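First residue of the first sequence: 35, per this note's numbering; consecutive thereafter.
Encoded as structure tokens, the structure appears first; notes follow it.
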Amino acid sequence: MSVPRLRFAPSPTGYLHVGGARTALFNWLYARKYGGQFLLRIEDTDKARSTDESTRAIFEGLEWLGLTWDEDVVYQGANLERHQVDARRLLDSGAAYRCFCTREELDQRRAEAEARKEPFKYDRRCDALPAAEVERRVAAGMPFTIRFRVPDGTTSWDDMVHGTISFPNKDIEDFVILRSDGTPIYNLAVVSDDIAMRITIVMRGDDHISNTPKQIMLYRALGAELPTFAHLPMIHGLDGKKLSKRHGATAVGDYQHMGILPQAMLNFLALLGWSPGNDIEVMTVPQMIELFSADGLLKKAAVFDTAKLEWMNGQHLSLLSSADIEPRVTPAIVRAGLATAGELAAKRDWYLALLDQLKVRSRTIDDIVRQAEPYLKDDITYDPAAEAKQWKDRPATADLLRAAGDALKALPAWEPPLMEEALRALAEARGLAGGKVFQPLRVALTGLSVSPGIFDVLVLLGRERSLARIDAAVRHLAG
RNA sequence: GGCGGUAUCGUCUAGGGGACUAGGACGGAGCCCUCUCAAGGCUCAAACACGGGUUCGAAUCCCGUUACCGCUACCA
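Written as structure tokens, this is what we have:
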């Protein structure tokens, strides 16, 4: 059994789309699971739409996800000569013929057929041209395309995900393989390259199912061995339509910038169109490789639901230690202007303790950054809603906070059990439930009505800062 | 229009003729825990597209219908 060779072959006409990322993921998982090779080919034959920028975006997206490829990147555009040679071989062997019909003529005939409500199929008129006439036209420099002559019969294959699929050849017209300018059409370029790259498994979106019979005919006419085909279902938006920009974020980079972890993205994508069974959902990347099996590949298109992605990210966040996520959080904090990397490094232990507190109540890296502000910045601002809710009776609150500050200040050590004892005693002395003390205090310390446990906040802030914030709140309330 | 593909809770899915009173997860509702918010635990609502077969028995197999998606270019 030969080593499986798979490839991901995006065209660089935009950013790395989540659908493309998932196709890449399944190819990669298959290669990793079965000891195969995963290759990357950039299909840049459409010069008008391809850009270096989007080629870079594809690399970046794949690298961020950790979907590494095994050999040098293949640029389809660099294989133009081989594509032409293959087209020529097909022409010479009689599997293809020259077509002198112009695009205008074709468009017109297509429109006429349309008007008559008939399906349009190229009528092979140029295939019927006498050899002498063909020669005359070529000699006269008439432009021509090369069309593949579709044989009679049926073309079918055993698809890895769909089982047997077959197409009556009569429904397939003699398709163009080489344009009049000498450049190849997609189907030729793909087959030519897949043969050259010795690809054994072609795993791609099921929007290519209709191209497959054409490609199979090309493989045969070229005398090449057929690869195994696996057609993955598409990804749709919430409205059931093929996922596109109007559904919001569709580029993997969008999710990277939203603070999604690559492993969570991969995990989520893997579950769209594949299931390991046994109700398993949250998986690390090694586990995904371990569990991956082509049997679990589904046929049905899946809807991309970001709510579940965020939940998944939260799951992965809790799987990681604060030290693991620190490299991803720090740049975001720096970008938000809350601290410099140097400042954070100087108090690393404290910083990691802070992350431990914040990550449990976060779903994304951005959530962590949002919550970190009161601990990283010197000044806090009181959230109006929190103030209105927890500081209703301002004089009484000022008094309560002053007392709480005094109690805390009197503590022999800055430790949670002592804090709790003192604060609960204060509450009891005033006939209040603990929360009636903790909540106003939380606002004084963080400016917010939501935070980690109050004693954790006190520890994170430290004695001096906590006491100072309480003082400031008392002054604010009195003033 | 032609051809192809697909069809289980709103969403991701388990399910491979009897173990189905159709399971899990997200989201939703509620309860517990609790100083808030999360996390966690528990509970509830929620689906086999429809119609015919085959079979003692169908979510599972077959056929048809419907719906949705894709392809139908000198795009990829």
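Where is the CB? At the ideal position from N, CA and C, for every residue including glycine.
Nothing here was measured: the structure is a model prediction, and the numbers come from that model.
C-beta contact flag for residue i and residue j at 7 angstroms
{"i": "residue 342", "j": "residue 267", "result": "no"}
{"i": "residue 117", "j": "residue 284", "result": "no"}
{"i": "residue 293", "j": "residue 374", "result": "no"}
{"i": "residue 179", "j": "residue 214", "result": "yes"}
{"i": "residue 478", "j": "residue 509", "result": "no"}
{"i": "residue 271", "j": "residue 281", "result": "yes"}
{"i": "residue 300", "j": "residue 99", "result": "yes"}
{"i": "residue 72", "j": "residue 130", "result": "no"}
{"i": "residue 345", "j": "residue 263", "result": "no"}
{"i": "residue 368", "j": "residue 402", "result": "no"}
{"i": "residue 59", "j": "residue 303", "result": "yes"}
{"i": "residue 132", "j": "residue 168", "result": "yes"}
{"i": "residue 475", "j": "residue 438", "result": "yes"}
{"i": "residue 110", "j": "residue 77", "result": "yes"}
{"i": "residue 189", "j": "residue 233", "result": "no"}
{"i": "residue 340", "j": "residue 408", "result": "no"}
{"i": "residue 65", "j": "residue 286", "result": "no"}
{"i": "residue 432", "j": "residue 512", "result": "yes"}
{"i": "residue 70", "j": "residue 119", "result": "no"}
{"i": "residue 501", "j": "residue 411", "result": "no"}
{"i": "residue 482", "j": "residue 400", "result": "no"}
{"i": "residue 269", "j": "residue 277", "result": "yes"}
{"i": "residue 507", "j": "residue 457", "result": "no"}
{"i": "residue 386", "j": "residue 356", "result": "yes"}
Closest Cα partner of residue i within the set the options
{"i": "residue 85", "options": "143, 48, 336 and 499", "result": "48"}
{"i": "residue 199", "options": "466, 164 and 242", "result": "242"}
{"i": "residue 493", "options": "59, 229, 416 and 448", "result": "448"}
{"i": "residue 75", "options": "104, 400, 99 and 100", "result": "104"}
{"i": "residue 258", "options": "222, 414, 204 and 456", "result": "222"}
{"i": "residue 350", "options": "335, 128, 394 and 164", "result": "394"}
{"i": "residue 358", "options": "422, 389, 456 and 305", "result": "389"}
{"i": "residue 329", "options": "335, 470, 193 and 158", "result": "193"}
{"i": "residue 248", "options": "404, 211 and 481", "result": "211"}
{"i": "residue 487", "options": "391, 244 and 379", "result": "391"}
{"i": "residue 134", "options": "121, 146, 174 and 38", "result": "174"}
{"i": "residue 324", "options": "36, 44 and 310", "result": "310"}
{"i": "residue 186", "options": "208, 177 and 176", "result": "208"}
{"i": "residue 473", "options": "425, 146 and 196", "result": "425"}
{"i": "residue 82", "options": "94, 46, 253 and 146", "result": "46"}
{"i": "residue 97", "options": "113, 127 and 62", "result": "62"}
{"i": "residue 370", "options": "406, 42 and 148", "result": "406"}
Nearest-angstrom Cβ-Cβ length linking residue i and residue j, presumed shorter than 8 angstroms
{"i": "residue 202", "j": "residue 235", "result": "Going by Cβ atoms, the distance from residue 202 to residue 235 rounds to 26 angstroms, so no, they are not a contact pair."}
{"i": "residue 206", "j": "residue 184", "result": "5 angstroms"}
{"i": "residue 459", "j": "residue 467", "result": "Not quite, the Cβ-Cβ distance comes to about 13 angstroms (not below 8 angstroms), so this is no contact."}
{"i": "residue 155", "j": "residue 326", "result": "Their Cβ separation, rounded to whole angstroms, is 41 angstroms, which puts residue 155 and residue 326 out of contact at 8 angstroms."}
{"i": "residue 347", "j": "residue 295", "result": "6 angstroms"}
{"i": "residue 57", "j": "residue 239", "result": "6 angstroms"}
{"i": "residue 237", "j": "residue 40", "result": "6 angstroms"}
Limits of the unbroken beta strand (DSSP E) element including residue i
{"i": "residue 191", "result": "188-193"}
{"i": "residue 180", "result": "179-182"}
{"i": "residue 185", "result": "Taken as a continuous stretch (DSSP letters only), residue 185 belongs to no beta strand (DSSP E), as it is neither H nor E."}
{"i": "residue 237", "result": "235-239"}
{"i": "residue 130", "result": "130-133"}
{"i": "residue 302", "result": "Premise fails: residue 302 lies in the alpha helix (DSSP H), 296-304, not in any beta strand (DSSP E)."}
{"i": "residue 265", "result": "262-266"}
{"i": "residue 197", "result": "197-202"}
For residue i, the first and last residue of its enclosing alpha helix (DSSP H)
{"i": "residue 450", "result": "450-463"}
{"i": "residue 510", "result": "488-512"}
{"i": "residue 416", "result": "Segment: none, residue 416 is in no alpha helix (DSSP H) and carries neither H nor E."}
{"i": "residue 68", "result": "It is not in any alpha helix (DSSP H) - residue 68 carries neither H nor E in the DSSP assignment."}
{"i": "residue 431", "result": "428-443"}
{"i": "residue 172", "result": "165-173"}
{"i": "residue 126", "result": "114-127"}
{"i": "residue 246", "result": "246-255"}
{"i": "residue 136", "result": "Where residue 136 is concerned, there is no enclosing alpha helix (DSSP H), given that its DSSP letter is neither H nor E."}
{"i": "residue 384", "result": "382-393"}
Residue i Cβ short of 6 angstroms to the ligand NAP heavy atom set
{"i": "residue 381", "result": "Judged by which ligands are present, the structure shown has none, so any question about the ligand NAP falls away."}
Paired residues, beta bridge with residue i - DSSP
{"i": "residue 73", "result": "41"}
{"i": "residue 308", "result": "331"}
{"i": "residue 577", "result": "Nothing can be reported for residue 577, as the shown portion of the chain is limited to 35 through 513."}
{"i": "residue 285", "result": "51"}
{"i": "residue 210", "result": "181"}
{"i": "residue 108", "result": "75"}
{"i": "residue 342", "result": "None; residue 342 has no bridge partner."}
{"i": "residue 151", "result": "Looking at the DSSP assignment, residue 151 forms no beta bridge with any residue, so it has no partner."}
{"i": "residue 218", "result": "212"}
{"i": "residue 276", "result": "270"}
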